[in-house]
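What follows is a short report on a single structure.
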Amino acid sequence: MSSAFRRDFVWGFGRALALPAWIVGFSLLGVGSLARDAGHPIGAAVLSTILIWAAPAQLILYGTIASGGLLVAAALAVGLSAIRLLPMVLSIWPYLRRPGQPLWLQLLMAHFVAATSWIDATRHLPGMEPDRRVPYYLGFASACVAVSSTMTALGFLLVGALPGPMAAGLLCLTPLYFMIALVGSARNAPDWLAIALGVGLVPVAQITVGRDFDLLATGLVGGTAAYLLGRWLPRRAA
Amino acid sequence: MSEALWPYLVILLAGVLPNEIFRVAAVFLSRGIDEESELFRWIRVVATTLLAAVVCRLIYSPAAALEQVPLAIRASALPVGIAAFFLLRRSLVLGILAGEAWFVLAAWWFGRA
Numbered sequence: 000m001s002s003a004f005r006r007d008f009v010w011g012f013g014r015a016l017a018l019p020a021w022i023v024g025f026s027l028l029g030v031g032s033l034a035r036d037a038g039h040p041i042g043a044a045v046l047s048t049i050l051i052w053a054a055p056a057q058l059i060l061y062g063t064i065a066s067g068g069l070l071v072a073a074a075l076a077v078g079l080s081a082i083r084l085l086p087m088v089l090s091i092w093p094y095l096r097r098p099g100q101p102l103w104l105q106l107l108m109a110h111f112v113a114a115t116s117w118i119d120a121t122r123h124l125p126g127m128e129p130d131r132r133v134p135y136y137l138g139f140a141s142a143c144v145a146v147s148s149t150m151t152a153l154g155f156l157l158v159g160a161l162p163g164p165m166a167a168g169l170l171c172l173t174p175l176y177f178m179i180a181l182v183g184s185a186r187n188a189p190d191w192l193a194i195a196l197g198v199g200l201v202p203v204a205q206i207t208v209g210r211d212f213d214l215l216a217t218g219l220v221g222g223t224a225a226y227l228l229g230r231w232l233p234r235r236a237a
Numbered sequence: 000m001s002e003a004l005w006p007y008l009v010i011l012l013a014g015v016l017p018n019e020i021f022r023v024a025a026v027f028l029s030r031g032i033d034e035e036s037e038l039f040r041w042i043r044v045v046a047t048t049l050l051a052a053v054v055c056r057l058i059y060s061p062a063a064a065l066e067q068v069p070l071a072i073r074a075s076a077l078p079v080g081i082a083a084f085f086l087l088r089r090s091l092v093l094g095i096l097a098g099e100a101w102f103v104l105a106a107w108w109f110g111r112a
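So the protein sequences, as listed, match chains D and A. Numbering follows numbering that gives the first Met the number 0, in which position 15 of the first sequence is assigned residue number 14; successive positions increment by one, without gaps. Numbering follows numbering that gives the first Met the number 0, in which position 12 of the second sequence is assigned residue number 11; successive positions increment by one, without gaps.
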């Protein structure tokens, strides 16, 4: 490992430890306690954080097991929730993809894509020297996975020990962080429209297409509308 | 098969497999996508919309402990956090802290009332 790689890896690792890793970690606390409710061992709970690395998928999986639902239904719901990872990986790929990268490295970088690493990558990778992006990103994501695995175990062991408002407050951290980071990194009309439509269309989508397809429908319909309106509005104003 | 291995098999087959398949698919679909193309711009906007939708879902139809706090308080934490973010030199930490402080105090007050 070159010293430049190590320096940028440590840079990303530290950047994550400064805040984002703890936010995603706290949301995995809840997954740990849910895994215990589902009757799984602590090892499986931690493994799910490392190998699935998507809190919504874990919540769906453990939520279904805990409520006695079918595993096939859980797998389908997990798949539906994971479709969003496809545009997320694609949209940061031009910043991470370098000539000559081995396939295992590409798969590892794609595996690390989740909401927290995606929003940081969207904010910081474009303005960074191309050679520093990959080690920074790997360091950032490694810190998130390390903290989250620990928090999953902690949540498993501490289940139900927190008073109501505190437990609710922890669950509120994730939406707050994502929303402020989204607003903070919005640069143009399509970005702002995407945020507004993404938030606004979910209740409508839950009524029309149901809770299994609400995210997908909102992403496709709202995202396409934001893209088209964002192109059309500035031209009209000009 | 041993009973103790069952949970791990569940994680792999019902969790990892249906989830990871989309990341792997993206790696292979990415060949030839141009950063400046309209297709790429559209994908970026869809990804942003999806994350905003995840936020709304976490607030609007949340998990257990959060559900006990009224929707008005859950939803109000977002504008409080965003306002604090812009007022306090665009600090992510201070924005989150302000939103959290508002949320926990309001939830606590609601629990007493």
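Where is the CB? At the ideal position from N, CA and C, for every residue including glycine. For clarity, every value in this text was computed on a predicted model and none was experimentally measured.
### Message
If you measure between the beta carbons of ARG22 of chain A and ALA37 of chain D, is that distance less than 8 Å?
### Response
no
### For ARG122 of chain D, the first and last residue of its enclosing alpha helix (DSSP H)
114 to 123
### Query
Does any C-beta atom of chain A lie closer than 8 Å to the C-beta of LEU175 of chain D?
Yes, LEU175 of chain D counts as interfacial toward chain A.
### Query
In terms of residue numbering, what span does the alpha helix (DSSP H) encompassing ASN18 of chain A cover?
16 to 28
### Task
Report all residues from its chain with a CB closer than 6 Å to the CB of LEU104 of chain A; omit the five preceding and five following residues, and keep chain order.
Cβ within range, chain order: n/a, list empty.
#### Entry: Interface residues of chain D facing ARG121 of chain A [CB-CB closer than 9 Å]
The first residue shown for chain A is 0 and the last is 112, placing residue 121 of chain A beyond what the model contains.
### Task
For ALA82 of chain A, decide whether its Cβ has a neighbour in chain D, counting only Cβ atoms nearer than 8 Å.
no
### Query
Which chain D residues sit within Cβ distance under 7 Å of PRO6 of chain A?
HIS39, PRO40 and ALA43
#### Entry: the region 38 to 57 of chain A touching the region 159 to 168 of chain D, judged by at least three CB pairs closer than 8 Å
They do not touch, by the three-pair rule.
### Query
Looking at the unbroken alpha helix (DSSP H) that takes in HIS110 of chain D, where does it start and where does it end?
102 to 110
### Query
Hey, does MET87 of chain D have any beta-carbon neighbour from chain A nearer than 8 Å?
yes
### Task
Look at the Cβ atom of LEU65 of chain A, then the Cβ atom of LEU60 of chain D, and state whether they are nearer than 8 Å.
no
### Query
What's the gap between the Cα of ILE49 of chain D and the Cα of GLY229 of chain D?
One alpha carbon belongs to ILE49 of chain D, the other to GLY229 of chain D, and they sit about 37 Å apart.
### Task
Output yes if chain D places a C-beta closer than 8 Å to the C-beta of ALA106 of chain A; else output no.
yes
### Query
In chain A, which residues lie less than 9 Å from GLY78 of chain D when you measure between Cβ atoms?
Chain-ordered, the chain A residues with CB closer than 9 Å to the CB of GLY78 of chain D read LEU16, PRO17, ASN18, ILE20 and PHE21.
### Task
Report all residues from its chain with a CB closer than 6 Å to the CB of ALA248 of chain D; omit the five preceding and five following residues, and keep chain order.
Because chain D in this structure spans residues 0 to 237, residue 248 of chain D falls outside the shown range and cannot be described.
#### Entry: Range of the contiguous alpha helix (DSSP H) that encloses PHE25 of chain D
The continuous alpha helix (DSSP H) containing PHE25 of chain D extends over residues 19 to 36.
### Query
Anyone know if the C-beta pair for ALA20 of chain D and ALA113 of chain D falls short of 8 Å?
no
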